[in-house]
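Take the sequence shown: its letters are residues 0 to 410, numbered as in numbering that gives the first Met the number 0.
Only one structure is covered here, and it is reproduced in the block below.
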Amino acid sequence: MKRIVFGSCFFLVIMVCFIEQAQSWDLPFDADILRIKFDHAGGNAVDIRKNYDDDITAPEWISGSKNDGFAYIKGQNNITVQAKLCHNESGVNSIIMSTSTYGGTGIGNLNMTTVNFSGSQPDTSAYVTFNSDGSAPNSVKKNTFSWHWNLRGVNGELFDGGDTWYLIGSSVNHHCYTILTTPQSPWNSMNVPWEIVLEKSCLWANNQTNATGAANQITNSLYTSGFYYQISGYGGSGSVFYLGRFNSDIGQSKHVNCFDMGKAVTTYGNAIGCGLGLTKYGRILSGNPINKCCNCIDPIGSTTVPTNNVGGWPKIDNDCRTYRWDVHAFSQSSSNYVWDATLKYDTDSDPDNVEAAPPGCGSVIVPPVFNFILPTNVAEATYINKLFDDYPDFGGPDPTWDKNCTITIMD
Numbered sequence: 000m001k002r003i004v005f006g007s008c009f010f011l012v013i014m015v016c017f018i019e020q021a022q023s024w025d026l027p028f029d030a031d032i033l034r035i036k037f038d039h040a041g042g043n044a045v046d047i048r049k050n051y052d053d054d055i056t057a058p059e060w061i062s063g064s065k066n067d068g069f070a071y072i073k074g075q076n077n078i079t080v081q082a083k084l085c086h087n088e089s090g091v092n093s094i095i096m097s098t099s100t101y102g103g104t105g106i107g108n109l110n111m112t113t114v115n116f117s118g119s120q121p122d123t124s125a126y127v128t129f130n131s132d133g134s135a136p137n138s139v140k141k142n143t144f145s146w147h148w149n150l151r152g153v154n155g156e157l158f159d160g161g162d163t164w165y166l167i168g169s170s171v172n173h174h175c176y177t178i179l180t181t182p183q184s185p186w187n188s189m190n191v192p193w194e195i196v197l198e199k200s201c202l203w204a205n206n207q208t209n210a211t212g213a214a215n216q217i218t219n220s221l222y223t224s225g226f227y228y229q230i231s232g233y234g235g236s237g238s239v240f241y242l243g244r245f246n247s248d249i250g251q252s253k254h255v256n257c258f259d260m261g262k263a264v265t266t267y268g269n270a271i272g273c274g275l276g277l278t279k280y281g282r283i284l285s286g287n288p289i290n291k292c293c294n295c296i297d298p299i300g301s302t303t304v305p306t307n308n309v310g311g312w313p314k315i316d317n318d319c320r321t322y323r324w325d326v327h328a329f330s331q332s333s334s335n336y337v338w339d340a341t342l343k344y345d346t347d348s349d350p351d352n353v354e355a356a357p358p359g360c361g362s363v364i365v366p367p368v369f370n371f372i373l374p375t376n377v378a379e380a381t382y383i384n385k386l387f388d389d390y391p392d393f394g395g396p397d398p399t400w401d402k403n404c405t406i407t408i409m410d
């Protein structure tokens, strides 16, 4: 009988020790989130880089030291992210984690997922894949959000069947860019969109759900961006576009021409999937020049005023002398609709008269009256007819069209 009692007591002691060892962790649970990958697999997120020189590599978020942006196609679902966690509790082989979003709509919450450890103390997990229960926003935007990381269970056991959780930490200020569709030229798999460009494009086209609306907003924002028109242009001959310098100079009084702005509308628009191309109308080194003068325009820039003399120098002034470009550049869709951030054109009954007076540069009989509009989503034929004067016609063959011209991005 004594042996039986002694054996029973020994068994109880062993069981108590085992239970104490199995549950030696306690709350608050000592754990942390170390790293998060968003663009961790082909097709999961849109590849982007920070700027001309600096790439963005996963993990985009490292606790206390790194917080780079990432991008998704609008409405994209089946989003997964990968995270690496650590803990400093004894007797822990796995934990069950989920997240809850705060400070923004984000890309949904991360579903409950088991994170395995080796059993040592302290211990760090491998990267673990979490599935989102939501999707990317359904419009163009930059969204900043944060996640609470919630402990839902330990060693395979949920707290209260999954109804209870404990906050162990947060990952904050994730920068998510939502774009319309896969970026187009000059962006490609070897030259992915820059975060500093998406910062502007997503701000300008905020909440737009289609290419037309986004291109309209980008064109309007570029027209009011602080640049002013001069025929000499910003710099970058031929296909070259010094995008890094241009992006830094937005908001400053720097001179641009139609090539600069045509490249800009196309480049900023196509970074979010607007599907635009750079068009050159007329002659540069070869081809047929524009054979008509300009109607009255209001060029880009707060210091410029309505004019017919688009070749004025050192700056365009209130000058009704006619002038014709040999070539003009703008952005255009595959369906031949035009976006032009270089100018507004006059749509009143006398678009070739800068002074709203009888033809010529005589005295002003009535105050100038203009009905300027910025060309956004304008049919090609309408655009050409409004921009150029039928008289005088210098004759010769029709101007040369060169569409979908190459843009070479430089810093």
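All C-beta atoms in this analysis are idealised placements derived from N, C-alpha and C, irrespective of residue type, glycine included.
Every value quoted in this text rests on a predicted model; they were computed, and no experiment measured them.
Shortest alpha-carbon distance to residue i belongs to which of the options?
i, options, result
"Asn110", "Ser131, Gly118, Thr100 and Gly90", "Ser131"
"Ser252", "Gln207, Gly300, Leu386 and Gly276", "Gly300"
"Leu89", "Gln331, Pro121 and Lys83", "A small correction: the amino acid at residue 89 is Ser; Leu does not occupy that position in the sequence shown. For Ser89, the nearest C-alpha among the options comes from Pro121."
"Gly424", "Val114, Tyr227, Thr211 and Asp259", "Outside the shown range of the chain (0 to 410) lies residue 424, about which nothing can therefore be said."
"Leu33", "Trp148, Thr218 and Cys257", "Trp148"
"Val304", "Ser124, Cys85, Phe369 and Leu84", "Phe369"
"Phe258", "Thr98, Lys140, Gly41 and Leu242", "Leu242"
"Ser93", "Val80, Ser138 and Ser117", "Ser117"
"Asp401", "Gly276, Trp324, Ser62 and Asn246", "Gly276"
"Gly42", "Gly237, Arg244, Ser188 and Ile35", "Ser188"
"Ser99", "Gln81, Gly133, Thr123 and Val114", "Gly133"
"Gln229", "Asn219, Asn246 and Val255", "Val255"
"Asn384", "Asn403, Ile296, Gly310 and Asn308", "Ile296"
"Ser285", "Ile55, Lys291, Gly237 and Ala263", "Gly237"
"Thr123", "Asn87, Asn108, Tyr101 and Ala380", "Asn87"
"Leu84", "Pro58, Gly272, Asp54 and Asn403", "Pro58"
"Thr112", "Ala82, Lys291 and Lys279", "Ala82"
"Met260", "Ser220, Ile271 and Lys291", "Ser220"
Taking the alpha-carbon positions, what's the residue i to residue j distance?
i, j, result
"Val196", "Tyr267", "7 Å"
"Pro358", "Ser200", "Note that Pro358 scores 43 on pLDDT, short of 50, meaning its location in the model is unreliable; the coordinates nonetheless yield the value given after this. Approximately 42 Å between the Cα atoms of the pair."
"Gly394", "Ala214", "34 Å"
"Phe37", "Thr302", "45 Å"
"Tyr222", "Ala340", "5 Å"
"Gly155", "Ser119", "17 Å"
"Asn376", "Ser64", "44 Å"
"Tyr390", "Pro298", "21 Å"
"Asn76", "Lys140", "16 Å"
"Asp392", "Thr321", "12 Å"
"Cys360", "Thr306", "Interpretation of Cys360 is limited by its pLDDT of 41, a score under 50 that renders its predicted location unreliable; no figure is taken from the coordinates."
"Ala125", "Asp248", "43 Å"
"Arg244", "Asp25", "55 Å"
"Asp349", "Asn294", "9 Å"
"Tyr344", "Pro374", "8 Å"
"Thr181", "Ala40", "16 Å"
"Ser447", "Trp60", "As displayed, the chain neither begins before 0 nor continues past 410, which places residue 447 out of reach and without an answer."
"Asp54", "Ser138", "25 Å"
Between which two residues does the alpha helix (DSSP H) holding residue i run?
i, result
"Phe245", "Leu242 to Asp248"
"Asn115", "Note, Asn115: premise wrong, no alpha helix (DSSP H); beta strand (DSSP E) at Thr112 to Asn115."
"Ile195", "Glu194 to Trp203"
"Leu221", "Ala210 to Tyr222"
What are the boundary residues of the beta strand (DSSP E) that includes residue i?
i, result
"Phe387", "Phe387 to Asp392"
"Trp324", "Note, Trp324: premise wrong, no beta strand (DSSP E); not H, not E."
"Asn403", "Trp400 to Cys404"
"Gly152", "Lys140 to Val153"
"Asp426", "In this structure the chain extends from 0 to 410, so residue 426 is not present and cannot be described."
"Gly395", "From DSSP, Gly395 is part of no beta strand (DSSP E); its letter is neither H nor E."
"Phe37", "That residue, Phe37, is in no beta strand (DSSP E); it is neither H nor E in DSSP."
"Asn269", "Careful: Asn269 lies outside any beta strand (DSSP E), inside the alpha helix (DSSP H) at Cys257 to Ala270."
"Ile95", "Ser93 to Tyr101"
"Tyr336", "Tyr336 to Trp338"
"Leu84", "Thr79 to His86"
"Phe129", "Val127 to Asn130"
"Val377", "Thr375 to Ala378"
"Phe69", "Phe69 to Ile72"
Excluding the 5 residues preceding and the 5 following residue i in the sequence, name in chain order all residues of the same chain whose CB lies nearer than 8 Å to its CB.
i, result
"Pro185", "Phe240, Thr265, Thr266, Asn269, Thr405, Ile406, Thr407 and Ile408"
"Thr104", "Pro136, Asn142 and Phe144"
"Ala378", "Asn335, Tyr336 and Val337"
"Trp216", "It should be noted that the sequence gives Gln, not Trp, for residue 216. The residues are Trp203, Ala204, Asn205 and Gln207."
"Gly281", "Asn287, Pro288, Ile289, Trp324, Asp325, Val326, His327, Pro398 and Thr399"
"Leu166", "His147, Trp148, Asn149 and Leu150"
"Ile372", "Lys343, Tyr344 and Thr346"
"Trp164", "Ser97, Asn149, Leu150, Arg151 and Phe158"
Residues in its own chain within less than 6 Å of residue i by CB, not counting five upstream and five downstream?
i, result
"Asn287", "Pro396, Pro398 and Thr399"
"Gly152", "Ile95 and Phe158"
"Val45", "Ala70"
Leaving out five residues before and five after residue i in sequence, what residues of the same chain have Cβ atoms less than 7 Å from its Cβ?
i, result
"Gly274", "Gln183, Ala210, Ser332 and Ser333"
"Ala21", "Bear in mind that a pLDDT of 47 at Ala21, under 50, signals an unreliable position, so the model cannot answer this."
"Gly225", "Ile249, Gly250, Gln251 and Ser252"
For the region 32-52 and the region 184-195, state whether three or more C-beta atom pairs, one from each stretch, are separated by less than 8 Å.
-> yes
Quick check: the region 167-179 against the region 65-78, are there 3 or more CB pairs under 8 Å?
-> yes
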